[in-house]
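A.B. asks:
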Amino acid sequence: MGLLWPCAVPAMDMGHPGGWQRAFESYLDVSGALPAGQIAQQGFIARERVMARHGDGVWWLRLPLYNSLQQPVTRWLQIEPARLADVQFFAPDGSQLAHTGAGVPLAQRPLDSRAVLLPVSLPAGGERTLYVRIEHNSATAVQARAWVPEEFSHHERRLDFFNALQFGAMLWFAAYGVLAFFSSRQPAFLYFSLLVASCALVDISFLQYGLQYFWPGAAAWNLRASLIFSSLLLPAAGLLVTRLLNMRHHCPLGHTLINSLSWILLADTVARLFGMPRLPGLLPMLLPITLLVSLAGWSVRAAWQGLPGARLLLLAFALTWCVTLYGIGKILGWWLLPSLNGLSMNWAMLLSSVMMVRVLTDTVRQFRLEREQARAEVAEARLALRAQALRARELALEKDAAEAASQAKSTFLAHLSHELRTPLHSILGYSALVLQDIPAAGYSMLTRRASAIQRSGRHLLALIDELLDYARGEAGRLVLAPQPLEIDELLNSVLDEMRQLAHSHNVTLALHPDNPPGCQVMADGLRLRQILLNLVSNACRHSGGDRVLLQWRVAPQRDSPELLSLFFAVSDNGSGIPEADRARIFRSFEQRGAGYQQGVGLGLPIARQWVNLMGGELGCENLPEKGCRFYFSVAVPGLAGPLNETTASHEVRGYQGPVQHLLVVDDTPENLDLLCDGLTAAGFRVSRADSGEAALQRLAAEPVDAVITDQRMPGLSGRALLRAARRDGYSMPWLLLSATVQGMSAMPDDDTDFAAILLKPIGMSALVRELCRVLDLEPSLADDPPPVTPDATTRPDAAAMARLRQAVQVGALSDIEDWSDEICRTQPAASGFARRVLGAARALDMAALEQLLGPADRPA
Numbered sequence: 001m002g003l004l005w006p007c008a009v010p011a012m013d014m015g016h017p018g019g020w021q022r023a024f025e026s027y028l029d030v031s032g033a034l035p036a037g038q039i040a041q042q043g044f045i046a047r048e049r050v051m052a053r054h055g056d057g058v059w060w061l062r063l064p065l066y067n068s069l070q071q072p073v074t075r076w077l078q079i080e081p082a083r084l085a086d087v088q089f090f091a092p093d094g095s096q097l098a099h100t101g102a103g104v105p106l107a108q109r110p111l112d113s114r115a116v117l118l119p120v121s122l123p124a125g126g127e128r129t130l131y132v133r134i135e136h137n138s139a140t141a142v143q144a145r146a147w148v149p150e151e152f153s154h155h156e157r158r159l160d161f162f163n164a165l166q167f168g169a170m171l172w173f174a175a176y177g178v179l180a181f182f183s184s185r186q187p188a189f190l191y192f193s194l195l196v197a198s199c200a201l202v203d204i205s206f207l208q209y210g211l212q213y214f215w216p217g218a219a220a221w222n223l224r225a226s227l228i229f230s231s232l233l234l235p236a237a238g239l240l241v242t243r244l245l246n247m248r249h250h251c252p253l254g255h256t257l258i259n260s261l262s263w264i265l266l267a268d269t270v271a272r273l274f275g276m277p278r279l280p281g282l283l284p285m286l287l288p289i290t291l292l293v294s295l296a297g298w299s300v301r302a303a304w305q306g307l308p309g310a311r312l313l314l315l316a317f318a319l320t321w322c323v324t325l326y327g328i329g330k331i332l333g334w335w336l337l338p339s340l341n342g343l344s345m346n347w348a349m350l351l352s353s354v355m356m357v358r359v360l361t362d363t364v365r366q367f368r369l370e371r372e373q374a375r376a377e378v379a380e381a382r383l384a385l386r387a388q389a390l391r392a393r394e395l396a397l398e399k400d401a402a403e404a405a406s407q408a409k410s411t412f413l414a415h416l417s418h419e420l421r422t423p424l425h426s427i428l429g430y431s432a433l434v435l436q437d438i439p440a441a442g443y444s445m446l447t448r449r450a451s452a453i454q455r456s457g458r459h460l461l462a463l464i465d466e467l468l469d470y471a472r473g474e475a476g477r478l479v480l481a482p483q484p485l486e487i488d489e490l491l492n493s494v495l496d497e498m499r500q501l502a503h504s505h506n507v508t509l510a511l512h513p514d515n516p517p518g519c520q521v522m523a524d525g526l527r528l529r530q531i532l533l534n535l536v537s538n539a540c541r542h543s544g545g546d547r548v549l550l551q552w553r554v555a556p557q558r559d560s561p562e563l564l565s566l567f568f569a570v571s572d573n574g575s576g577i578p579e580a581d582r583a584r585i586f587r588s589f590e591q592r593g594a595g596y597q598q599g600v601g602l603g604l605p606i607a608r609q610w611v612n613l614m615g616g617e618l619g620c621e622n623l624p625e626k627g628c629r630f631y632f633s634v635a636v637p638g639l640a641g642p643l644n645e646t647t648a649s650h651e652v653r654g655y656q657g658p659v660q661h662l663l664v665v666d667d668t669p670e671n672l673d674l675l676c677d678g679l680t681a682a683g684f685r686v687s688r689a690d691s692g693e694a695a696l697q698r699l700a701a702e703p704v705d706a707v708i709t710d711q712r713m714p715g716l717s718g719r720a721l722l723r724a725a726r727r728d729g730y731s732m733p734w735l736l737l738s739a740t741v742q743g744m745s746a747m748p749d750d751d752t753d754f755a756a757i758l759l760k761p762i763g764m765s766a767l768v769r770e771l772c773r774v775l776d777l778e779p780s781l782a783d784d785p786p787p788v789t790p791d792a793t794t795r796p797d798a799a800a801m802a803r804l805r806q807a808v809q810v811g812a813l814s815d816i817e818d819w820s821d822e823i824c825r826t827q828p829a830a831s832g833f834a835r836r837v838l839g840a841a842r843a844l845d846m847a848a849l850e851q852l853l854g855p856a857d858r859p860a
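Numbering (UniProt numbering), first residue to last: 1 to 860.
1) Where residue 820 and residue 609 are concerned, what is the direct C-alpha to C-alpha distance, given to the nearest angstrom?
2) Identify which residue in 247, 710, 370, 262 has its Cα closest to the Cα of residue 310.
3) Count the C-beta pairs between the stretch 312-319 and the stretch 274-288 that are closer than 8 Å, then say yes if the count reaches three, no if not.
4) Here's a check: name, in chain order, each residue in its chain whose Cβ is nearer than 8 Å to the Cβ of residue 295, leaving out the five neighbours to either side.
5) Throw me the rounded Cβ distance for the residue 232 and residue 194 pair, which I believe falls under 8 Å.
6) Can you name the start and end residues of the beta strand (DSSP E) that residue 757 belongs to?
7) Assuming residue 557 and residue 566 make a contact with CB atoms under 8 Å, what is their CB distance in whole Å?
8) By how many angstroms is the C-alpha of residue 830 removed from the C-alpha of residue 849?
9) Suppose the cutoff is 6 Å on Cβ atoms and the five residues either side in sequence are ignored; what does the same chain contact list for residue 716 look like?
10) Would the stretch 540-559 and the stretch 622-640 be scored as touching if the rule is three or more Cβ pairs under 8 Å?
11) Please classify residue 279: does DSSP put it in a helix, a strand, or coil?
12) Let me know the secondary structure DSSP gives residue 622 once reduced to three states.
13) Per DSSP, residue 734 is paired with what?
14) Please state the DSSP three-state secondary structure of residue 503.
15) From residue 660 to residue 703, what does the alpha carbon distance come to, in whole angstroms?
16) Could you tell me how far apart the beta carbons of residue 699 and residue 684 are, in whole angstroms, since I believe they sit closer than 8 Å?
17) Start and end of the beta strand (DSSP E) containing residue 572?
18) From which residue to which residue does the beta strand (DSSP E) around residue 690 run?
19) Taking only the alpha-carbon atoms, compute the straight-line gap between residue 581 and residue 667 and give it to the nearest angstrom.
20) Could you check whether residue 62 and residue 131 sit closer than 7 Å to each other, using their CB atoms as the reference points?
21) When the distance is taken between beta carbons, is residue 779 closer than 7 Å to residue 652?
22) State yes or no: is the C-beta of residue 622 within less than 7 Å of the C-beta of residue 576?
23) Kindly identify the DSSP beta-bridge partner or partners of residue 120.
24) Please look up how many angstroms separate the CB atoms of residue 838 and residue 817, rounded, as I've assumed it's under 8 Å.
25) Check this for me: beta carbons of residue 364 and residue 186, under 7 Å apart or not?
26) Apply the 10 Å Cβ neighbour rule to residue 403 and answer buried if 16 or more other Cβ atoms are within range, or exposed otherwise.
27) Applying the criterion that 16 or more other CB atoms from any shown protein chain within 10 Å of the CB defines a buried residue, is residue 751 buried or exposed?
28) From 77, 154, 761, pick the residue whose C-alpha is nearest to that of residue 464; which is it?
29) For the alpha helix (DSSP H) that contains residue 30, what are its first and last residues?
30) At the level of alpha carbons, what is the spacing between residue 606 and residue 569?
31) Cβ atoms of residue 664 and residue 674: under 7 Å apart, would you say?
32) Which stretch, first to last residue, makes up the beta strand (DSSP E) that contains residue 780?
33) Express the C-alpha separation of residue 707 and residue 509 in angstroms, rounding to a whole number.
34) Return the chain-ordered list of same chain residues with a C-beta closer than 7 Å to the C-beta of residue 198, the five sequence neighbours on each side being excluded.
35) So what does DSSP say about residue 247, is it helix, strand or coil?
36) What are the boundary residues of the beta strand (DSSP E) that residue 68 is part of?
Written out as structure tokens, the structure is:
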């Protein structure tokens, strides 16, 4: 590989035996204007080399020739390489230098050779001196040799043969790299092809093969081609090294540096090719040197680290660099080894190309292994994704099945609710009417039995509500309904409802408020009552003690003054709950132990759900002395001022004002009779219909003020009946009674506007209160409920005391219990006395009974 370089002009021998003069002399014409006729008188100096730089001067070489043979000879004088824009030969003619006519421009090849040749003939013993004029601007390296014509032709054929082998092999490597690039899509093959092809094309253009075979007559392009292809060598080598050594992974900094320099030099080469502006100043020389040093440094480092192929690649580049340095030194005249001719340099380049092919092949093999491994990983990932998709599909099917099962369960519970609530509506309603109509005196057995019906019905209703709340909690449909609430009335209602249960289990209920009465808040009183009823009921049934205490206190929130913190606790003096059972009792369908198989095991889990929904937490702990305590705390907004009378716990018995005409529609005869009897007792005029069609006929026959209809009926349902009535022009308010919880949560359609939707079973007082609201009537309230702690000294009337005396005389505990219930209901002022009598009787404390009866009432 030849390189253009500003260089020395070495004085070299003619290179052939036969008596030719071997000395060379040189002279530098600095001005470049000295005529040829005066050059012979100048002082030529014999030198081994002359440093020549581009400029305006002219170099003159003087070649004294002498034939020592005894016969005339003809030799060809070769000036190589022929990269001289103007090489002129002169011979002395008397006192002048005559031009020989052998001016050899760059594009001229005399004697059908790529070299610059001058035929010189000398007679036997003859002498001749030739002068060679070389311009600075075109000088590279000059070597003068004398050849026997036959040997020169043989030499050129031999050189062409070996050059053909070398260039053919290198171009074949380049073609292989291009094909491998299109096959594997690996850029390393393309960079290798660019490097090898550039090496070959530099020598092809430098040795005149391009001028001879590819672009005849384009001497300027032949000169530029060598420059352009030589400029591609370092960038191609840089890009190739970064790929082969995988420097992006091992040396990110070196990868960035070498790639950046390589692409900058490639861009500069393209600019040179098309005559565009190039890099300014010394950058065209500094950047290649920087890239060369970087390549050498990173290659040595990679070989030191033992990266795959790094050592063989370093050897290939070291061989290339040594050959290049030798060529540069030869051009500069630093050294000249006859054994290292041009063929040696060419074969060295070919050997380095073979090494790079080996490294490239190993690298590509590694790339293929990595690609196959990546494909295997991708295949495994696809299989995993497919398995995940199948699993997701199975989970989706399972989810759909679970949702379908949940929906089926909800539907079942809804139907169960309807089927159970419908008879409960009649049971509770009629038992309430019976208890209301029984006179205060007499009929004690009937009163006790009606009370038992009422208690059993309410217990069954509580179980149904627990099941439905559990279903709603699983579906995430628990919703609070805050309303104005007075805490004292809430607690009184809880104690009143639990008093009979506590009485049956010989448990004394007590309320211990830590705050003055009159606390009013905005809360869901229904759910708070449900939670407290569950806790008090469990304490009465399962604690094993004889005392249950309900405590509460209120305090403002520290961080939110507008909120009040309500704390409730239900404690007993029983045996307590073992540590192992405390977690079980809050799980659904779990109970404390084998001896506590009452209920369905949903009360505490549902209570905890409601407390959590209110923002609190239901807890349990054993008391240090005896028993256990359930407690919770919730934050609710406080209210100021008295509550509306209709929100209090007073029972509504009727209304004030003109008689209102109602139409009641229900397909169940018992429910229809119950509603008609209860509403008639409340002062309403009631018409009845057992189907939707009959109701439309009634509406057409007589006007009514309001309609109460059941939801689920044969034929027209409650909603369908309302839509039909609206189409017929009836605009009176409608109330819907539903035994299905789903009917309560579903919003009415656009064409249905029920004034109220009520859930069965509903008390007659609540129904009358809702009718008063809908019809804008003034309700008639019953007497105020008795206080929680009535005066225990107020005695019943004489007749009641006489019945008590008879029961005590015969020792009938059941009659005493019935007497106590009757007094609490008919004579609330004496309920405290009645409870004291009942407690003494259950304790078999005759002394206490005698003290309560008094001297006049003691049995004989």
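The C-beta atom is built at its ideal place from N, Cα and C for all residues, glycine as well.
Bear in mind that the values here come from a model prediction, so they are computed numbers and not experimental data.
C.D. replies: In this structure, then:
1) 37 Å
2) 247
3) no
4) 234, 237, 238, 241, 258, 317
5) 6 Å
6) 756-759
7) That pair is no contact at about 11 Å.
8) 16 Å
9) 692
10) yes
11) coil
12) strand
13) 707
14) helix
15) 11 Å
16) That belief does not hold up - the Cβ atoms of residue 699 and residue 684 are roughly 17 Å apart, past 8 Å.
17) 563-572
18) Per DSSP, residue 690 belongs to no beta strand (DSSP E) and is neither H nor E.
19) 48 Å
20) yes
21) yes
22) yes
23) 75
24) 6 Å
25) yes
26) exposed
27) Caution applies to residue 751, whose pLDDT of 42 falls short of 50 and renders its modelled position unreliable; the value that the coordinates give is listed next. Residue 751 is exposed by the Cβ-count criterion.
28) 761
29) Element bounds for residue 30: n/a, residue is neither H nor E.
30) 17 Å
31) no
32) 778-781
33) 43 Å
34) 229, 232, 233, 236
35) helix
36) Per DSSP, residue 68 belongs to no beta strand (DSSP E) and is neither H nor E.
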